[in-house]
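Visitor: Structure provided below as structure tokens; questions to follow.
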Amino acid sequence: MNQVVEKLCNLSLAQSWCEDMQNIISYVSSKYEANATKAISYVILGCFSLLISVLVRRTRSKPKPKPRIRPNRLEATRSFIVRELHSGYPALDRLMTEQYEHPSALDSAHALIRELQKDLPDLLILQQKVRELEMWEVEDFAERILRPALKEANEKEKPHEAYEFEMLIVEVLIYKGGISDLESALQCECLADESLKDARRPLYKAIIYKMLGNMEKAKEYWDEFIVVREPAFGHEIIEIDFDTFKHHVLRLQKATEKVTQKRSSINFSTFSI
Numbered sequence: 004m005n006q007v008v009e010k011l012c013n014l015s016l017a018q019s020w021c022e023d024m025q026n027i028i029s030y031v032s033s034k035y036e037a038n039a040t041k042a043i044s045y046v047i048l049g050c051f052s053l054l055i056s057v058l059v060r061r062t063r064s065k066p067k068p069k070p071r072i073r074p075n076r077l078e079a080t081r082s083f084i085v086r087e088l089h090s091g092y093p094a095l096d097r098l099m100t101e102q103y104e105h106p107s108a109l110d111s112a113h114a115l116i117r118e119l120q121k122d123l124p125d126l127l128i129l130q131q132k133v134r135e136l137e138m139w140e141v142e143d144f145a146e147r148i149l150r151p152a153l154k155e156a157n158e159k160e161k162p163h164e165a166y167e168f169e170m171l172i173v174e175v176l177i178y179k180g181g182i183s184d185l186e187s188a189l190q191c192e193c194l195a196d197e198s199l200k201d202a203r204r205p206l207y208k209a210i211i212y213k214m215l216g217n218m219e220k221a222k223e224y225w226d227e228f229i230v231v232r233e234p235a236f237g238h239e240i241i242e243i244d245f246d247t248f249k250h251h252v253l254r255l256q257k258a259t260e261k262v263t264q265k266r267s268s269i270n271f272s273t274f275s276i
């Protein structure tokens, strides 16, 4: 029986575990003598059952590594860059795993108008259609649709709808990226309303001031964004420091500059409604 134990100890078991097992067997042999063989068999069986149980639990408790998602061509679009800053990398990775096909820009414009005409428009659909127009590089047209909707919401005293419409306009103005566009965005009432803990307000301000070259203001509102964001997103979002934030805004500016160079060639008369 001792030879069996010695062979088992030559396996990949911990040396200390083997020594403890040998001590137990020695104790059982001296205590039970004639009946020691049967008792030792029960000891070995019990020890191995316990060991297997521990190993199985450890194997199950190990988290499976998440596959690394390679960024595709959508990562270059400006709306996805903003969402990357707002939602964090995990949300972006989930978004990148979905199949996405560009809809018709005209279809997106019509869908945006239809949603705005509803008494209770779906804000997620509005955001989606604005970003579809941005990816088609016709965010000017999105602004032309949203401005009358904002005016009507204010006239009908619908503050919630007006707030959300104006936030979409701010996003569109950031995509446009001109100095006058960015300064106009800063004048929007939704960015001055501090009564709501909306992470977009300090985030958009931080982006705008970085694009305007005001690093002090950009850092101030970035720090505020981090504070406001944490209760909403918890620990699921990966932390991004200010230097990383500046890198992403630079990517946003480069993408915006490329669109600006082509913007003069867009013929908005083709979007008849």
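Using this note's numbering, read the sequence shown as starting at 4 and increasing by one per residue. We put the beta carbon where it would ideally sit given N, CA and C, even for glycine.
(1) With C-beta atoms as the reference, is A145 less than 8 Å away from E137?
(2) Give the secondary structure of I182 by DSSP, where H, G and I count as helix, E and B as strand, and everything else as coil.
(3) Can you tell which of F228, E227, Y212, K249 has the C-alpha that lies nearest to the C-alpha of A221?
(4) In this structure, does DSSP put S198 in helix, strand or coil?
(5) Just to confirm my understanding: we take L215, look at its own chain, exclude 5 residues before and 5 after, and list those with CB closer than 6 Å. What are they?
(6) How is K161 classed by DSSP in three states: helix, strand or coil?
(7) To the nearest angstrom, report how far apart K261 and D196 are at their CA atoms.
(8) Helix, strand or coil for S264, going by three-state DSSP, please let me know.
(9) If you follow the alpha helix (DSSP H) that L206 is in, where does it begin and where does it stop?
(10) Assuming C191 and I210 make a contact with CB atoms under 8 Å, what is their CB distance in whole Å?
(11) Going by CA-CA distance only, name the one from P205, K179, F248 that's closest to F228.
(12) Could you tell me the alpha carbon to alpha carbon distance between E155 and W225, rounded to whole angstroms?
(13) Is K161 close to chain C, meaning its C-beta is less than 8 Å from at least one C-beta of that chain?
(14) Just the Cα atoms here: how many angstroms apart are E160 and D201?
(15) Quick one: Cα of L189 to Cα of L176, how far?
(16) Determine the closest residue to Q131 out of F168, T259, P162, with distance taken between C-alpha atoms.
(17) According to DSSP, is C191 helix, strand or coil?
(18) What is the C-beta distance between Q256 and G180, in whole angstroms, given that I count them as a contact (C-beta under 8 Å)?
(19) In its own chain, which residues sit with a C-beta less than 6 Å from the C-beta of F248, not counting the 5 before and 5 after it?
(20) When you compare only the Cα positions, how much space is there between E142 and V230?
Guide: With the structure as the only source:
(1) yes
(2) helix
(3) Y212
(4) coil
(5) L185
(6) coil
(7) 32 Å
(8) Before going on, a small fix: residue 264 reads as Gln here, not Ser. Three-state DSSP puts Q264 in a helix.
(9) 203 to 214
(10) Going by Cβ atoms, the distance from C191 to I210 rounds to 14 Å, so no, they are not a contact pair.
(11) P205
(12) 32 Å
(13) Protein chain content of the structure displayed is limited to a single chain, and chain C is not contained in it.
(14) 21 Å
(15) 10 Å
(16) F168
(17) coil
(18) 7 Å
(19) W225
(20) 30 Å
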